[in-house]
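Heads up, the thing below is written out as structure tokens.
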Amino acid sequence: MTVSTFISRARRFTAAAAVAALAVGLASCASSDSGTAAACDGDTAINGIFGEGGEAGGQGVTVKVGMLLAMTGSGSSYGEVMSNGAKLAAEQILAACGPDFEIAIGDHESGSVPAAVAAARKLISQDGINVLQTSFGGVSEAIIPLVQQNKILTLQGGGTSPGQIGKDYLWNTRQLFADPSIPGGLAWVAQTYPEATKMAVVGTLENGINAQTKLIPEIWPEVAPGGTVVLNEQHEVGLTDFGQIIAKIQSAEPDVIWIFEQGGDNATFMKALRRAGVTAPVVSSETGGEEVCKLAPEEFDTVIALGENYDVANPNPFNEQFVTEYKDAYGKNPDIFAANYYEEMFVFWELVNRVVADGGDPTSGEQLQAALAADPTFQSVYGGSADEVGTMSIDEETHLPVKPMGAYTIKDCQLTQVATITEVDEGGDPFSGVSK
Amino acid sequence: MEYYADIAIQIMFLMMLALSLNLLVGYTGETSMAQAAFYGIGAYTVGLLTMPVAVAGLEIATSSGVAGGAGWPFWPAVLISILVSAAVASAISIPALSRVRGEFLILMTLAFQLVTTQLMGSLTSITGGTFGLTPIPPMTFFGQSLIKPSQVVIVVGIATVLTFVFCYRLGESPFGRVLKGIREQETAVRAVGKGTVLPKVIVFGVAAGVAGLAGALNASYYQVAAPQSFNLDVSILAIAVVILGGVANPVGTVVAAILLGLLNPVLDALVGAEASAWRGVIYGLALVLVMRYRPQGLVPEHQGPLRFLRRRRRRNAPAVAAAATTRAPRDGAPDATPGAPGAVPSGPAPEVVLKVEGMSKSFGGIKAVSDATFDLTRGQITALVGPNGAGKTTLFNLITNAITPDQGAVTLNGTSITGLSISEIARRGMARSFQDGRLFERLSAIDNVAMAIPDQRAENPFILTVRPLYVKKRERAVRQSALECLQLVGMHADAETLVADLSYGDQKLVAIARLIATGADVLLLDEPTSGVDPSAVEHVIDVISDLRAAGKTICLVEHSVHMVERLADRAVFLDQGRVLAMGSMKELMARQDLKEIYFGA
Amino acid sequence: MHLISAAGASPSLVLQLVVSGVVLGSFYALLGMSVSVIYSTTKVFHFAHAFVYTAAAYVALGTASVLGLPIVLAIVIGLIAAVVLGVTIELVVYRSMRRSGASSLGIFLASLGISIAGPNLIQIIFGPDGRNLPVGNPTLYTVGTVTFTTWDIVTVVVSWVLIGGVLAMRRSRWGLASIAVSANRELSAAVGISPQKIYVYAFAVGSLLIGSAAILFTLNQAATPNMGLQPVLFGFIATFLAGVGNQKTAPLAGFVLGMVVSLSGIWLSQTFQTAVIFGLLFVALIVRPQGIFRKAAV
Amino acid sequence: MERSEKAQATTDRLVASNLVCGYGKHSVLHDVSLTVGAGEIVTILGHNGAGKTTALKALFGLLPLQSGVVIHDGQNITKSSTASRVRGGMSYTSATSAIFRDLTVRQNLELGAFTVRDSKVRAERLARIHDLFPVLKDRGSAVAGRMSGGQQRLLSIGLALMSGAELMLLDEPSLGIAPSLVTELFESIRALSRDAGLSVVLVEQNVGAALPISDRVYYLRAGEILLSESADEARARDDWWELF
């Protein structure tokens, strides 16, 4: 912990104590964050990419955006950057004479299903949201009935899970842990470590469970000659003593270890693993997260991350202005979560524009989803080039995004891409999608 | 509107959970840390029953791979949820409650809670794992699917009101009285002829059933059942509500549930993201402060508006008929009460009622009682006398099987009662009192006595639920009988006073009234006058003499030779566990050898 | 659902699990000793011990990383904080409750309240994320196929030294007095021992032990506000399995518990471990409420 | 009482006046006054439940007094803790739980001298008790609760003596031990009183054993002192039944 975070904590503590001491019993309506930019001028960098706004650009329309995030609990660092990204986008859009995206945040307490459902209900009934950005696998699955019943178009940029695939009103902009990323990833591992046959898989009972228990044991022998899964261990979230699992890893002597860990568990596991002297390469489906870097920086540098990665240095103009503005606003580089929730807001804008153009109601989730399904391709901070804004498209059936996937090495918590992975065609050459 | 309905629903779930827990913590005095587990069992059961049946190719795509449910309609599923929760709780409580109490029970229920939560998270193919079971179909009401909080709030509201009425009535019923008795003095409940294991098992089941109902509604409202909704924190929150509100008072539980439930939205507005941490600090500290400064809670047991109304009504109801000595007829038989006070002693005079033969007991090599043989004659007072440590109280304990004898036989009215439990012996017509009274201190005098009246079918919670009017009528009769018993000892004016507020002498009288109320023929009195104010002793002596006159057979342990001389027809002289002599106290006092034994050589 | 682990019982796994079991068992032994010292003497179901544990870790890492004090000093301050906190809870809460005639259940509920409020307060101050004690990486030792680190050695040595210390102190004046109080409170008072002082002593020693356990834990793992519940539960399990009031066997019970937990890994997936351990406790308490290491009362 | 108030103030080791106490609502002692001189053995007689044990506990400070005053060696100790009474030279031996059953004989005796900080003094006392009751030396490492009732009783006396008490409050030392041992035990109490000036308040039901070693007797009934007389007078009595 640094001095400054401690002091800011202490300040929040005193402030909160003062507030609580002052009045218990005054239930005021929750404050909602909204873009408070001055009058728009239609001439910002954003206008250069998305057009000049105005009436056709949804000006004058107010759309209430809910965000269901981990604001407290072990994953609260995720919640912070996700909301940062979305808030920046809302401000930029308003300044570019686009619609007014009013943001209301609900806390799912880092994956607590009951907290998430309660928060989502509040967002829907109290804050009257029109669209929603959600995060985390379990809690997002749990609120699917709610968003469907209330027809709330929901985007998920944190990480998908099998239960979130192909669900009405829920569209993914990140395919982490999604089954399609597994074959390509395994193929890349097989290519990179040609000697490797024995794979150990360790993960929480969370998002990766399907991939872990079904896909990897199925695909690994196919892509690696003589490949076997020698260990398949699952554990509860928040485990502190990995001694036993590591003993099993040591005894199984795998050539490579694939992990499905999240947040703090990632750090705990990596620390324990490396301290126990296990040197086998570790492949992780997690490409982001501040907490991990804070807790186990050295150990995490030995991990190879697989999945889509957000590249801060991507020269695509949409991304360039994003990074600059983000740094101005928050004093540090954006990460994948900031980027995803940022660009999701632009997806909403695009959809609003389409509905407005059709003379529809831009606050209707039903119409927004129809607009999305009609043409699920959007401008993106991913991909592209210095001259061209990248694009992201979402599959109509699976509701999963198509984004460049890669393998990354990590140094000082920064990812460096070492390979690009595209989806492996069924029945096709498993290596066809891998390029160095 | 929807938002406030949602908050109301959350508070009502907490209320139902805490009301059910209060049956255990408040009325029975057993702390369970596992109430959320039963809440969860109800939720998962309704989820699995109502989710659609898996159809090949159309399976529900969840991460966990739960294939599907049984496709039941909502309300039958709720009923089954209640039963499943109750059944699991009862099954677990049988070994747990009959053998362990206090800290052990806390640790055991804690273990059960943690096991249940982990299994909810680990048995993924059944429970959906940490993601939970989802999507659970919404609840239905008259064929209507209820999704909006403003609709659900009506159903949950009705359920909460029913739960309140049910818990309140149960607590104030004869069954609740037995529970409170168990809380105060478990052995005394057994000594007046009531079993204590069954009521505990039942109340565990009933409390879990109510929690199961709350869980079923919860799952259908949120359309998801996940481990975090039913973990240890939830159990602890429910305990906090019960304790803050005041144990054994449903009104207090309701008040506390509202206060703690409102903390959520209030803190949300005040401190935003840290609301849940602040809530923990506030209710944790509240728990400490309440236990320290107001352990009876915000609304103590004998307070609250409903209680007040009820008591006033009660006071007006059973007026004591001045000379009432007959007891209210029991069910079925017009008057089968054996040896009711005031009844004329029946049968020829010298009749052996109780035979004790060859009673022996050693504790770690020391013979406390050895081959004691004596008998009690109908309508007489027999005193056990002897120096300290002679084994008098131990003999009482052996006769009533409170301690298992090594050897010996006891025959009551010609039938062997050897080896029967103390409660069974009481039902067969022999009851005992205790040196230290063992009254139910936080109950009124009349409740103390009413507890002892035998054959109360209204103590069965099932009858209580299905025949409320019958129970009401029956209870009026019971209270009338209890009042008459109190009148016999001259305590009817204090019928509604809490025993804890009575003087020690008065407490001893209530204990005798309680003994009379068992209807037992044979009364074993352990030091009925010890510690009684000298001025009140005469009254106790009169009461005991009256009992003899009413045909009761009495055996008493008494150290004051004076008292024995005045009261007893016969004395049995014990020394070092052996019966040395029998006869009138005068005869015994004349014997030099006994004098030497009593006072030392 | 993977109830049964795929690993199988290879000799190297068994050996490694035995070594992990020794480390874990020593840690649990320390927890058992800590809880037992307090519970057997005072009969307080001291749930707030979980808060003392958490506080020790956070004070140590707070002083180390915020004030920048040397790590050894920070650890000492953490331990002092644990002792002060434990004794304060006894003096301010339990003692006054005892005086006003509170039942043991009432004291437990107050303790429960502290164990809820405390960690939440820590979360408000320090945030919910895990935090590491700024100590370097341990050295790795390899013997055959078995590996262990400096921290493993430190954990085993410190645990048993502390346990040995407490057991040795039983021969001292204070130790004897606390045995006397736990054996017969009234008679202790009659021979001139002040039970009140002995209670304070028990809370001080117990808190020192639980604080040490917390520090040992944070050498290896990140501290989180909710870190305290599980170790204290294991401490209670050891105490109750040993037989209440049986201070000498509580560490043994803790050690066996650690070994069982570790070796169960041969057959059992981690996801079912807690269920199995608490399930065993549940059964053990029903079958032998007097404890597994204690003969049935005569 | 025969002796004048003035004389008591100087020679009496213990003066208790008008004690009223009990357990909660249960009032046991109504108005009890008694005195014990230096080197005197005073026996309290009465039936069970008369308040004898309560009286001892009240004198020792184990029960809070509702009213009354206790003066020990001229000091008002009414409000003193039991620990400070022990340091002041008082000891109390309960009838039922007078030893630490789970500890060894040796540990028991050590605990008896808990208030004595000087290890030399402790060793001396231990030696004296071993002389007095050799069995406690022979069975030093035995667990106290596993010894015979008589040995446990001896141990309880030894435990009380270890504190260096000048005033012993003994509750039924004869309880549960063989008559031959009772005589022996009472003889040693008498000897201690004679040789070391020990004052004893004895509660006994075994009147026959207690009277020969007693100086004075109080009869207690229902929490009140019925009568007080010299032991000689008591021995001459033939109507004890009347007093119980």
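Residue numbers (our numbering), protein chains in the order written: chain A, 1 to 436; chain B, 437 to 1037; chain C, 1038 to 1335; chain D, 1336 to 1579.
Positions of the beta carbon are idealized from the N, C-alpha and C atoms, including for glycine.
Here the structure is a predicted model, which means the values were calculated and not measured.
C-alpha distance - residue i paired with residue j, whole-angstrom precision
i: residue 1410 of chain D; j: residue 1397 of chain D; result: 18 Å
i: residue 559 of chain B; j: residue 383 of chain A; result: 41 Å
i: residue 83 of chain A; j: residue 134 of chain A; result: 11 Å
i: residue 449 of chain B; j: residue 229 of chain A; result: 46 Å
i: residue 406 of chain A; j: residue 1256 of chain C; result: 35 Å
i: residue 262 of chain A; j: residue 1073 of chain C; result: 37 Å
i: residue 1200 of chain C; j: residue 1508 of chain D; result: 40 Å
i: residue 361 of chain A; j: residue 98 of chain A; result: 15 Å
i: residue 848 of chain B; j: residue 856 of chain B; result: 11 Å
i: residue 1557 of chain D; j: residue 531 of chain B; result: 45 Å
i: residue 1568 of chain D; j: residue 1378 of chain D; result: 13 Å
i: residue 373 of chain A; j: residue 389 of chain A; result: 21 Å
i: residue 699 of chain B; j: residue 715 of chain B; result: 7 Å
i: residue 745 of chain B; j: residue 1402 of chain D; result: With a pLDDT of only 48 at residue 745 of chain B, under 50, the local geometry of the prediction cannot be trusted, and no value is derived from it.
i: residue 571 of chain B; j: residue 901 of chain B; result: 34 Å
i: residue 1324 of chain C; j: residue 829 of chain B; result: 31 Å
Residues that DSSP places opposite residue i in a beta bridge
i: residue 1168 of chain C; result: C:1260
i: residue 1078 of chain C; result: Answer by DSSP bridge pairing: none, since residue 1078 of chain C is not bridged.
i: residue 1347 of chain D; result: D:1372
i: residue 577 of chain B; result: B:580
i: residue 383 of chain B; result: A query on residue 383 of chain B cannot be resolved here, the shown segment of chain B reaching from 437 to 1037 and no further.
i: residue 107 of chain A; result: A:69
i: residue 305 of chain A; result: A:284 and A:408
i: residue 1506 of chain D; result: D:1538
Rounded distance between the beta-carbons of residue j and residue i, thought under 8 Å
i: residue 1371 of chain D; j: residue 1391 of chain D; result: Contact flag wrong, Cβ pair sits at about 12 Å.
i: residue 175 of chain A; j: residue 308 of chain A; result: 6 Å
i: residue 787 of chain B; j: residue 844 of chain B; result: Incorrect: roughly 22 Å between the Cβ atoms, too far for contact.
i: residue 1288 of chain C; j: residue 1069 of chain C; result: 5 Å
Proximal residues of chain G, C-beta to C-beta of residue i below 9 Å
i: residue 190 of chain A; result: This model lacks chain G altogether, as its protein chains are A, B, C and D.
beta-carbon residue i near the ligand COA non-hydrogen atom, thresh 7 Å
i: residue 471 of chain B; result: You won't find the ligand COA in this model; it holds no ligand whatsoever.
Exercise for review: Scan the segment 1416-1490 of chain D and note each continuous beta strand (DSSP E) run of 3 residues or more that stays entirely inside, going in chain order.
Suggested key: Within the segment 1416-1490 of chain D, the complete beta strand (DSSP E) runs of at least 3 residues are 1425-1428.
Review point. What are the complete alpha helix (DSSP H) segments, minimum 4 residues, inside the segment 581-665 of chain B?
Key: DSSP runs (the alpha helix (DSSP H)) wholly in the segment 581-665 of chain B: 585-608, 610-620, 622-627 and 633-658.
Exercise for review: Counting only runs of 3+ residues fully inside the segment 320-402 of chain A, write out the beta strand (DSSP E) ranges in chain order.
Suggested key: The segment 320-402 of chain A contains these whole beta strand (DSSP E) runs: 377-380 and 390-394.
Exercise for review: Please confirm if the segment 1424-1432 of chain D is in contact with the segment 1455-1474 of chain D, defined as three or more CB-CB distances below 8 Å between the two stretches.
Suggested key: As far as the Cβ criterion goes, the segment 1424-1432 of chain D does not touch the segment 1455-1474 of chain D, which means the pair count is below three.
**Study point:** alpha helix (DSSP H) runs wholly inside the segment 524-575 of chain B, at least 4 long, in chain order
**Key:** As far as the segment 524-575 of chain B is concerned, its whole alpha helix (DSSP H) runs of at least 4 residues are 538-558 and 560-563.
Practice item. Identify every run of the beta strand (DSSP E) within the segment 1117-1204 of chain C, keeping only runs that are complete inside it and at least 3 residues long; order them along the chain. Key: Listed in chain order, the complete beta strand (DSSP E) runs (minimum 3 residues) inside the segment 1117-1204 of chain C are 1177-1180 and 1183-1186.
Check your understanding: Which whole runs of the alpha helix (DSSP H) in the segment 784-810 of chain B are 4 residues long or more, in chain order?
Key -> If only complete runs of 4 or more residues are kept, the segment 784-810 of chain B shows no alpha helix (DSSP H) anywhere.
Review point. With contact counted as at least three CB pairs below 8 Å, one residue from each stretch, are the segment 1005-1013 of chain B and the segment 816-829 of chain B in contact?
Key: Taking a cut-off of 8 Å on C-beta distances, the segment 1005-1013 of chain B touches the segment 816-829 of chain B, as three or more cross pairs fall below it.
Practice item. Could I get the ranges of all uninterrupted alpha helix (DSSP H) runs contained in the segment 143-224 of chain A, with 4 residues as the minimum, in chain order? Key: Listed in chain order, the complete alpha helix (DSSP H) runs (minimum 4 residues) inside the segment 143-224 of chain A are 144-149, 181-192 and 216-223.
Check your understanding: Below 8 Å, can you find three or more Cβ-Cβ pairs linking the segment 1153-1165 of chain C to the segment 1091-1107 of chain C?
Key -> As far as the Cβ criterion goes, the segment 1153-1165 of chain C touches the segment 1091-1107 of chain C, which means the pair count is three or higher.
**Study point:** Residue ranges of each alpha helix (DSSP H) within the segment 811-865 of chain B, 4 or longer
**Key:** The alpha helix (DSSP H) runs of length 4 or more contained entirely in the segment 811-865 of chain B are, from start to end of the chain, 828-835 and 858-863.
**Study point:** Segment contact, 8 Å Cβ cut-off, at least three pairs: the segment 800-820 of chain B with the segment 994-1006 of chain B
**Key:** Taking a cut-off of 8 Å on C-beta distances, the segment 800-820 of chain B touches the segment 994-1006 of chain B, as three or more cross pairs fall below it.
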